[in-house]
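Same order as they appear, the protein sequences are chains Z and B. At position 157 of the first sequence the residue is numbered 157 (our numbering), and the sequence of numbers has no breaks. At position 245 of the second sequence the residue is numbered 1245 (our numbering), and the sequence of numbers has no breaks.
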Amino acid sequence: MTQEGSNFKRGYDDPWPPVRGDYLVGDPNAGVAVATLASPLFVRAGSDLPPYMGAAIYGPCKTENLGVEKIVANVISNCNIRFLIISGVESKGHLPGNTLLALHRNGIDEQGRIIGSKGAIPFIQNLQPEAIRRFQRQVELIDCIGLEDMEEIERLVSKYNLLAEPYPEEPFLVVRRKAVLQEILMGEGDLFFGANVFMDTRAWQIAISG
Amino acid sequence: MNVAGVKFGGQPGELATVLCGTIFYQGHRIVENEEIGLFDHAAAERLVARQAELSEDTGCPAVLHIYARTHQAFLRYLDFAEEVWEGPFIIDSADSDTRARAASTVSELGYGDRAIYNSLSLATDEAEAQAISESEIDSAIVLAYNPGEPGVEGALRILETGGSVLEKGLIPLARELGIVNLLIDPGVVPMGSGAGASLRFSVVAKARLGLPVGSGIHNAVSAWPWLCKKEIGTRKCCDAAAAAMQLLAAGDYLLYGPIENSDFIFPAAALADILVAEAVRDLDIHPGEGHPLNRLV
């Protein structure tokens, strides 16, 4: 997390958003983010102007695990964002929209499973529990699942932008969970893959030790 | 492992890689209505024929990977497959109910021995498991994706014991459900989220479990935003490179993505198969007559 200073006053650290993905950035000082689920980004016909004028960030979300994680990480790293509009059609089977709502409402269990989600594999693996709690506190979700009318979505962006006040804490930067280092025991081979599997490169054979 | 005459597995260099091209996938241009399964029949037939032709040409066996959004669509796709394809096929959907009903349908129609169920995974619930159990399908892809314990060890645990997220491992579960032919798939995540672990997992899983392994590594390529902005030739090169890397990492089969990609995936896979076969030539491993090594060089 950042220290109090100019970034705190601005509401986000550069570069923002911190997690790469399939999205477009609008105005980082805006108070609204838009997820379009499985619907393609709406482009204003005949115009070079980006859609959703006034949103901080907008883009699709097709998966109930990694996709949801990216939204959470990018939203809580910008205190200006206080509303997340969930629009577009659901990704069948994966149900990221349902999963976002469930995550915000119920959080996760000890295994990282999103409680109450109807998605296929609704797990959080790269966010610490505090990041989830921050997401729950910082933003209000606007459930517009199924909505693909661009004008209506833009109207909602304008409406909620007027209501948004910056979240009164520092931006929350997600720390990627470090993989547990595996201690590899030396054996006869000289290429090691973990799980007691090694390659004897002299014989060009994969073998299991122990 | 033999599914409807197509062999999977063996020592690296022994068997040609089985290549599975997907048809009727989400966003496939030939599909006019994915809810009810309306599609351009002639275009679909050309794609299946092209994959078969390349399979015959290279010696890499082909599998038709059928994706359906709904059961209604699946019925149409199955009718089509029955007309134009005699080999094994994969049944797949993002919707568990559609998958389960497809398992039942192929059994009723007598195609149980040609069908490969995609997939048994953490997402398999009781209803789906029961449908598989009651079906005549005896081949399935087992997805080792374990978001509760990322990495190679976690993927092995979900297969063997269920780890921290399942009461039972997916392999014993598959056996209980009557699956004889298990194809292991790590479940490739995007690059940056651990896609590379799939390669190491493939080597480890094949050595430790003694089962054929493969993956849909093209998903790592297609989910790479940086590459999406590049020209198509560049994207194809990366797809082919990823495929070859999976084969070098002990891959026995490849879910290579859109069936349109057969034109460059089959040659890339044949190349990888030849190089691997030549690498083990002096280890008393002899590829069969149909192997790309004996067919193309």
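Don't be surprised by glycine CBs; every beta carbon is placed ideally from N, CA and C.
Does the Cβ-Cβ distance between V1096 of chain B and A120 of chain Z come in under 9 Å? Within the second sequence, residue 1096 of chain B is the residue found at index 96, counting from 1. Within the first sequence, residue 120 of chain Z is the residue found at index 120, counting from 1. Sequence check: residue 1096 of chain B is Ser here, not Val. Their beta carbons are under 9 Å apart, which means S1096 of chain B touches A120 of chain Z by this criterion.
Closest by CA to A1244 of chain B, which one among B:S1215, B:P1258, B:K1229, B:R1208? The residue you call residue 1244 of chain B lines up with position 244 of the second sequence. Answer by Cα proximity: B:S1215.
Using only CA atoms, which one of Z:L95, Z:A30, Z:R20 lies nearest to T36 of chain Z? Stepping through the first sequence from its first residue, residue 36 of chain Z is reached at position 36. With distances taken between Cα atoms, T36 of chain Z lies closest to Z:L95.
Do V19 of chain Z and I85 of chain Z have their C-beta atoms closer together than 9 Å? Indexing the first sequence from 1 puts residue 19 of chain Z at position 19. Indexing the first sequence from 1 puts residue 85 of chain Z at position 85. No, Cβ-Cβ distance for V19 of chain Z and I85 of chain Z is not below 9 Å.
Top-ranked residue by Cα proximity to S1055 of chain B, from B:D1263, B:H1286, B:A1279: Working through the second sequence from its first residue, we reach residue 1055 of chain B at position 55. The candidate whose alpha carbon is nearest that of S1055 of chain B is B:D1263.
Flag M186 of chain Z as yes if its beta-carbon sits less than 9 Å from any beta-carbon of chain B, otherwise no. Within the first sequence, numbered from 1, the residue matching residue 186 of chain Z stands at position 186. Unreliable positioning characterises M186 of chain Z in this predicted model, as indicated by a pLDDT of 48, which lies under 50. The coordinate reading is nonetheless provided below. It does not: the Cβ of M186 of chain Z has no partner Cβ on chain B nearer than 9 Å.
Could you compute how far the alpha carbon of Y1145 of chain B sits from the alpha carbon of N1261 of chain B? Position 145 of the second sequence holds residue 1145 of chain B. Position 261 of the second sequence holds residue 1261 of chain B. Approximately 25 Å, taken between the alpha carbons.
On a CA-only basis, which of B:G1059, B:L1019, B:I1023 is nearest P1292 of chain B? Give me that one, please. For this step, residue 1292 of chain B is matched to residue 292 along the second sequence. The residue with the shortest Cα to Cα distance from P1292 of chain B is B:G1059.
Can you name the residues that DSSP bridges to G1257 of chain B? Start at 1 with the first residue of the second sequence, and residue 1257 of chain B comes out as number 257. For G1257 of chain B, which the question treats as bridged, DSSP gives the partners B:G1021.
Are I1141 of chain B and L1159 of chain B touching if we call contact CB-CB under 9 Å? By 1-based counting over the second sequence, the position of residue 1141 of chain B is 141. By 1-based counting over the second sequence, the position of residue 1159 of chain B is 159. No, the pair does not count as a contact, with Cβ atoms beyond the cut-off.
With 9 Å as the threshold, decide whether the Cβ of S1096 of chain B is near any Cβ in chain Z. Along the second sequence, read from residue 1 onward, the residue named residue 1096 of chain B stands at position 96. It does; some Cβ of chain Z falls within 9 Å.
9 Å Cβ cutoff, G116 of chain Z in contact with chain B: What you label residue 116 of chain Z is simply residue 116 of the first sequence in a count that begins at 1. G116 of chain Z does not count as touching chain B.
Could you check if I1232 of chain B is buried or exposed, using at least 16 other CB atoms within 10 Å of its CB as the buried criterion? Residue 1232 of chain B sits at position 232 when you count from the first residue of the second sequence. Per the 10 Å Cβ criterion, exposed.
Apart from the five residues just before and just after V1276 of chain B, which ones in its own chain have a Cβ nearer than 8 Å to its Cβ? Looking up residue 1276 of chain B in the second sequence gives position 276. Same-chain partners within the cutoff: P1012, G1013, L1247, L1248.
Taking the runs of the beta strand (DSSP E) that are 3 residues or longer, which of them lie wholly in the region 1048-1122 of chain B? 1062-1067, 1089-1092, 1115-1120
What residue range does the alpha helix (DSSP H) around G1181 of chain B cover? Here residue 1181 of chain B corresponds to residue number 181 of the second sequence, with the count starting at 1. The sequence given here places Asn at residue 1181 of chain B; Gly does not occur at that position. No alpha helix (DSSP H) contains N1181 of chain B, which is instead part of the beta strand (DSSP E) from 1181-1185.
Under 9 Å, Cβ to Cβ, is there at least one residue of chain Z near A1207 of chain B? Residue numbering aside, residue 1207 of chain B sits at position 207 when the second sequence is read from its first letter. Output row for A1207 of chain B: interface = yes.
What three-state label does DSSP hand G93 of chain Z in the structure shown? To locate residue 93 of chain Z, count along the first sequence from 1; it is residue 93. Coil.
Taking all protein chains shown into account, do 16 or more other C-beta atoms lie within 10 angstroms of the C-beta of M186 of chain Z, making it buried, or fewer, making it exposed? Taking the first residue of the first sequence as 1, we reach residue 186 of chain Z at position 186. Note on M186 of chain Z: pLDDT 48, under 50, position unreliable in the model; no value is reported.
DSSP three-state assignment for G59 of chain Z, whether helix, strand or coil: Here residue 59 of chain Z refers to the residue found at position 59 of the first sequence. Note: G59 of chain Z maps to strand in three-state DSSP.
Using a Cβ-Cβ cut-off of 7 Å (strictly less than) and excluding sequence neighbours within five positions of K118 of chain Z, which residues of its own chain qualify? Translated into positions along the first sequence, residue 118 of chain Z becomes position 118. Hits under 7 Å: L95, N98.
Using a Cβ-Cβ distance cut-off of 9 Å, determine whether Y1256 of chain B contacts chain Z. In the second sequence, residue 1256 of chain B corresponds to position 256, counting from 1. It does not: the Cβ of Y1256 of chain B has no partner Cβ on chain Z nearer than 9 Å.
Could you check where the alpha helix (DSSP H) with N80 of chain Z kicks off and where it finishes? As a first step, residue 80 of chain Z must be located in the first sequence, where it is residue number 80. It is not in any alpha helix (DSSP H) - N80 of chain Z carries neither H nor E in the DSSP assignment.
Where C1298 of chain B falls, given that 16 or more other Cβ within 10 Å makes a residue buried: Residue 1298 of chain B falls outside the range modelled here, since chain B spans only 1001 to 1297, and no answer is possible.
For my contact list, G1087 of chain B and V1063 of chain B are in at a C-beta cut-off of 8 Å; report their separation, rounded to the angstrom. Taking the first residue of the second sequence as 1, we reach residue 1087 of chain B at position 87. Taking the first residue of the second sequence as 1, we reach residue 1063 of chain B at position 63. So it is a contact: roughly 6 Å between Cβ atoms.
Extract the residue ranges of the beta strand (DSSP E) inside the region 1142-1173 of chain B, only unbroken runs of 3 or more that lie entirely within it. none
Member of B:F1008, B:A1268, B:S1104 whose CA lies at the smallest distance from the CA of A1127 of chain B: Locating residue 1127 of chain B in the second sequence gives position 127, where the first residue counts as 1. That would be B:S1104, whose Cα lies nearest to the Cα of A1127 of chain B.
Evaluate contact between the region 1197-1207 of chain B and the region 1174-1186 of chain B, counting only Cβ atoms and requiring at least three cross-stretch pairs below 8 Å. yes
What whole-angstrom Cβ distance do G1257 of chain B and T1022 of chain B have, given they're in contact under 8 Å? Position 257 of the second sequence holds residue 1257 of chain B. Position 22 of the second sequence holds residue 1022 of chain B. Going by Cβ atoms, the distance from G1257 of chain B to T1022 of chain B rounds to 6 Å, so yes, they are a contact pair.
On the DSSP bridge list, what partners appear for A33 of chain Z? Taking the first residue of the first sequence as 1, we reach residue 33 of chain Z at position 33. Partner(s): Z:I57, Z:L84.
Would you list, in chain order, the members of the region 1180-1193 of chain B that have their beta-carbon closer than 8 Å to a beta-carbon of chain Z? V1189, P1190, G1192, S1193
Local Cβ density within 10 Å of S91 of chain Z, reported as buried at 16 or more and exposed below that: What you label residue 91 of chain Z is simply residue 91 of the first sequence in a count that begins at 1. It is buried - the Cβ of S91 of chain Z has at least 16 other Cβ atoms within 10 Å.
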